[in-house]
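Chains as they are written, first to last, in the working numbering: chain A, 1 to 349; chain B, 1 to 349.
Number of protein chains: 2
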Amino acid sequence: MTEKAKNRPSIHDVAKHAAVSAATVSKVLRGVTTVKAANSSKVHLAVKELDYRMDPFASDLRRETRRIISVVVPELESEFFGRLTSRLELLAEEAGYSLVIASSHESEDRERQLVERMHDWRVAGTILAPVRSERGTGGTVMKNRKMTGVLVDRVVANSSFDTVTADNAHASAEVARTLIEAGHRHVLLLGLSEVSKNVRTRISAFKQEAESICGEVTIDVLLAEDPSTDSRTALAQYLDRNYPSVVYSLFQKGTLTALSEFRRRGIRCPQDISLVGFDDAEWMQATYPSVTSVVQPIKQIAEHAFSRLLSRINGDSGYAVCRLEPCLLQQRESLINVEPVSLHQVRIK
Amino acid sequence: MTEKAKNRPSIHDVAKHAAVSAATVSKVLRGVTTVKAANSSKVHLAVKELDYRMDPFASDLRRETRRIISVVVPELESEFFGRLTSRLELLAEEAGYSLVIASSHESEDRERQLVERMHDWRVAGTILAPVRSERGTGGTVMKNRKMTGVLVDRVVANSSFDTVTADNAHASAEVARTLIEAGHRHVLLLGLSEVSKNVRTRISAFKQEAESICGEVTIDVLLAEDPSTDSRTALAQYLDRNYPSVVYSLFQKGTLTALSEFRRRGIRCPQDISLVGFDDAEWMQATYPSVTSVVQPIKQIAEHAFSRLLSRINGDSGYAVCRLEPCLLQQRESLINVEPVSLHQVRIK
DNA sequence: CAAAAAAAGTAAATCGATTTATTCTGGAGA
DNA sequence: TCTCCAGAATAAATCGATTTACTTTTTTTG
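See below:
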């Protein structure tokens, strides 16, 4: 008898050990009931004795279904996507799937490659948070390959997928209302010039709401090319010659930039300039001043996106729906009321 | 001829289309050279025309190797693990693997399950960042199952794996030296009481260095059970009756807590109390004051861990090595020099 | 030009599971 | 006792690739 150096027991080893066929073992393991109790327990015993664990990929191969869901996000370093993926992971597992997380590192090219890889992997579904650039290469691949998926956070034009996003427009309008009611008449919007639908929405909704409430409000918009370095110099140059009463940063890093630029120039916040940021972070409650900011409903986005995906996986072929989850404006210290200086706009208490 | 609703072309479809055998197609696709140019181009053409992409799992099944590396981290929400996994992802892909990221959500039980799942997946290797509790359930599973892997960030006792960690001891000793040279004689160490090797190391290294330099230094240690809620109340109670000249927080959330508790009580930092934190974050440069902190060498940890893993995957069976990557003490505003007031701890304004 | 050697190609086995189609049991009913 | 049938069990086919072992073709060489 030649000794064979077996790596790991397969279903056939279990079958041999339990003196039944592989088919029977398979049935027992999948809980099919047409197996005699005696055989069933023989199998269970053999599984225990051999410490057998089935190979999920071999199983999936035969079943022509992969119990994997993938999520492609632009970055893993930020709190937002960290929480989002973390939540999705739990949801996927509750539903019997494994979640595979990949980061496109804000690169269109990588995004396309990753989506294609997930297609190669034959995943059951894909949740895609597109990169900032709006061209939506990943979404296009998903569409062409007829993959089943859902888009989150950044909506890409003309995609035929369900989308789930924070309600940027409503939140931004609420910020506008809040600022104007607090007496602010000169606002700087600090954003990113890279074509980001989200930022554009935040700007336009703010403008529209502000102007519909109050005619006498000045809204400056500053768009930086690069999130980290560029917005700082742009802001610095702007503040050299402009005196807004409040800065509304449209992305998290901008809030950080504003805060530190205020400090660098000795601008007291909120006494000299108020600050509101889109996208909350844990540290914003500990800064001086703590930062008033728009909290995105990450949990709701994750849950809704996942439930849409599940229903698509299970065959729902209805029209693509576009869901907006409401945000919360978290009031903190960085925003204060100011005396409205304009003659025309006397505020009423 | 019955029309068959084929989902996706397989290697056999390609073979048929190119009028060669599947074995030849396989050879062409894997770049084996013993194929005539004519056949090779026929195959390439067929691949293009059918838009064929091979199934990596079917391939891996036959080859008895999975080109997957997994990493299990305690959380994805933090900057530290976000950056770590992000970096590992790129490294894995450079080496021809896909990285599968999973979060144990700081749960021992989940950690064990995840490691076991990765074992079921037959991944080529696993990088594990254990949960805070030191029992090392995941590491034990890895050992028992003879998985190939590397441990990072938190070293678990008696494991037989390579480990890569920030050099907590050296960094903490440097903090001690810096504080004492800056005249501080009364330090509060703010940590977590959960058995975390890292925190314990930071404490003991600090104490040892401090006491070896200066006999007259008072070191208080405050350990909270739960990172978020508990450390705040503990700190508050402590500050009710103690007047350290500096707080050295041993974990990131503690730094945040200290900062906001200072503000709540009107303690001016750094004039009244200085602050140093272990584990840097982006926001720490924008707070007021900006926070002096220990920057962990995430990139180096990732790179070293990955290179160790690769060499283990490739058969290196040498003794387990334990690597410590040096940290950087980033000086900012929250730490200032004080007059050493030796006489029984009189606080000076 | 024929035989030997080298190169190229392929049918079939294989990886580890599931599913199909078939065979084997053990009773119930005639 | 024999037939028939439902219930269990299994051999073999299958998923989509790779590898082995063998056959065919081409080239080299005597």
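Positions of the beta carbon are idealized from the N, C-alpha and C atoms, including for glycine.
Does any CB atom of chain A fall closer than 8 angstroms to the CB of V100 of chain B?
True, the Cβ-Cβ gap to chain A drops below 8 angstroms.
Taking the beta carbon of C327 of chain B as the centre, do at least 16 other beta carbons fall within 10 Å, making it buried, or is it exposed?
Per the 10 Å Cβ criterion, buried.
What does Q285 of chain A touch in chain B if you count any residue whose Cβ is under 9 angstroms from its own?
The contacting residues are L256, S260.
At a Cβ threshold of 8 angstroms, is P56 of chain A touching chain B?
So yes, P56 of chain A belongs to the interface.
Could you list which residues in chain B have their beta carbon closer than 9 angstroms to that of R53 of chain A, in chain order?
Here the neighbours are E116, H119, D120.
Quick check on DSSP: helix, strand or coil for T2 of chain A?
At T2 of chain A the pLDDT is 34, less than 50, meaning the model places this residue with poor confidence and gives no usable figure here.
Taking the CB atoms as reference points, tell me whether A176 of chain A and F206 of chain A lie closer together than 8 angstroms.
Yes; because the gap between Cβ atoms is below 8 angstroms, this pair is in contact.
Strictly under 8 angstroms for the Cβ-Cβ distance: is R263 of chain A near chain B by that measure?
Taking Cβ atoms only, chain B reaches closer than 8 angstroms to R263 of chain A, which makes this a yes.
Could you check the C-alpha separation between G31 of chain B and H44 of chain B for me, to the nearest Å?
One C-alpha to the other measures close to 11 angstroms.
Can you name the residues of chain B whose CB is closer than 9 angstroms to the CB of T233 of chain A?
Result: empty, since nearest Cβ-Cβ is about 16 angstroms, beyond 9 angstroms.
Taking Cβ positions only, does Y288 of chain A come closer than 8 angstroms to chain B?
Chain B, which has a Cβ nearer than 8 angstroms to the Cβ of Y288 of chain A, makes this yes.
Per DSSP, R323 of chain B is paired with what?
Looking at the DSSP assignment, R323 of chain B forms a beta bridge with B:V164.
Taking the Cβ atom as the reference point for each residue, do G139 of chain B and I69 of chain B lie within a distance shorter than 8 angstroms?
No, the Cβ-Cβ distance between G139 of chain B and I69 of chain B is not below 8 angstroms.
When DSSP builds the beta bridges, which residues end up paired with I68 of chain A?
Partner(s): A:S98.
Starting from the Cα of I366 of chain B, find the closest Cα among B:S26, B:V217, B:R122 and give me that residue.
Any answer about residue 366 of chain B is impossible in this case: the structure gives chain B only from 1 up to 349.
Got a sec? Which residues, its chain only, sit under 7 angstroms from A102 of chain A by beta carbon, not counting five neighbours each side?
Same-chain partners within the cutoff: S70, V72, L114.
Under 6 angstroms Cβ to Cβ from I213 of chain B, same chain only, skipping five residues before and after it: list those, please.
So the qualifying residues of the chain are I180.
Compare the C-beta of G31 of chain A with all C-beta atoms of chain B and state if any pair is closer than 8 angstroms.
By this cut-off, G31 of chain A is not an interface position.
Any residues in the segment 60–77 of chain A with a beta carbon nearer than 8 angstroms to a beta carbon of chain B? Which ones, in chain order?
Correct list: D60, L61, E64, R66, E75, L76, E77.
Is A18 of chain B buried or exposed, if buried means 16 or more other CB atoms sit within 10 Å of its CB?
Looking at its Cβ environment, which holds 16 or more other Cβ atoms inside 10 Å, A18 of chain B is buried.
Kindly indicate which residue of A:R154, A:T178, A:E194 has the alpha-carbon position closest to the one of V187 of chain A.
Residue A:T178 is the option with its Cα nearest to V187 of chain A.
Considering only residues of the same chain and omitting the five flanking positions on each side of Y97 of chain B, which have a CB-CB separation below 7 angstroms?
So the qualifying residues of the chain are R67, I68, I69, A124.
Quick check on the burial criterion: 16 or more other C-beta atoms within 10 angstroms. Buried or exposed for D280 of chain A?
It counts as buried.
Using the three-state DSSP reduction, which class does L275 of chain B fall into: helix, strand or coil?
It is a strand residue.
Measure from the C-beta of T218 of chain B to each C-beta in chain A and report whether the shortest distance is under 8 angstroms.
By this cut-off, T218 of chain B is not an interface position.
What residue range does the beta strand (DSSP E) around G191 of chain A cover?
From DSSP, the beta strand (DSSP E) with G191 of chain A extends over 186–192.
Once the 5 residues before and after V156 of chain A are set aside, which same chain residues still bring their CB inside 6 angstroms of it?
Once the five neighbours on either side are set aside, the close Cβ partners of V156 of chain A are P130, G136, G139.
Could you tell me which whole alpha helix (DSSP H) segments of length 4 or greater appear in the segment 96–135 of chain A?
Counting whole runs of 4 or more residues, the segment 96–135 of chain A contains the alpha helix (DSSP H) stretches 108–120.
Between which two residues does the beta strand (DSSP E) containing A224 of chain B stretch?
Unbroken beta strand (DSSP E) run through A224 of chain B: 218–224.
Helix, strand or coil, according to DSSP, for G31 of chain B in the structure here?
G31 of chain B: coil per DSSP, three-state reduction.
Whole angstroms are fine: how far does the CA of P270 of chain A sit from the CA of K143 of chain A?
C-alpha separation (whole angstroms): 47 angstroms.
Return helix, strand or coil for T292 of chain A, following the three-state DSSP convention.
Note: T292 of chain A maps to strand in three-state DSSP.
Whose C-beta lies closer than 7 angstroms to the C-beta of S160 of chain B among residues of the same chain, with five residues either side of it excluded?
Once the five neighbours on either side are set aside, the close Cβ partners of S160 of chain B are K143, A320.
List the residues of chain B whose Cβ lies closer than 7 angstroms to the Cβ of E225 of chain A, in chain order.
Going along chain B, no residue has its Cβ under 7 angstroms from E225 of chain A, so there is no contact; the nearest lies around 19 angstroms.
Drop a sphere of 10 angstroms on the beta-carbon of H12 of chain A, count the other beta-carbons inside from all chains shown, and report buried for 16 or more, exposed for fewer.
It counts as exposed.
Is the number of C-beta pairs between the segment 246–253 of chain A and the segment 191–205 of chain A that are closer than 8 angstroms three or more?
Segments in contact, yes.
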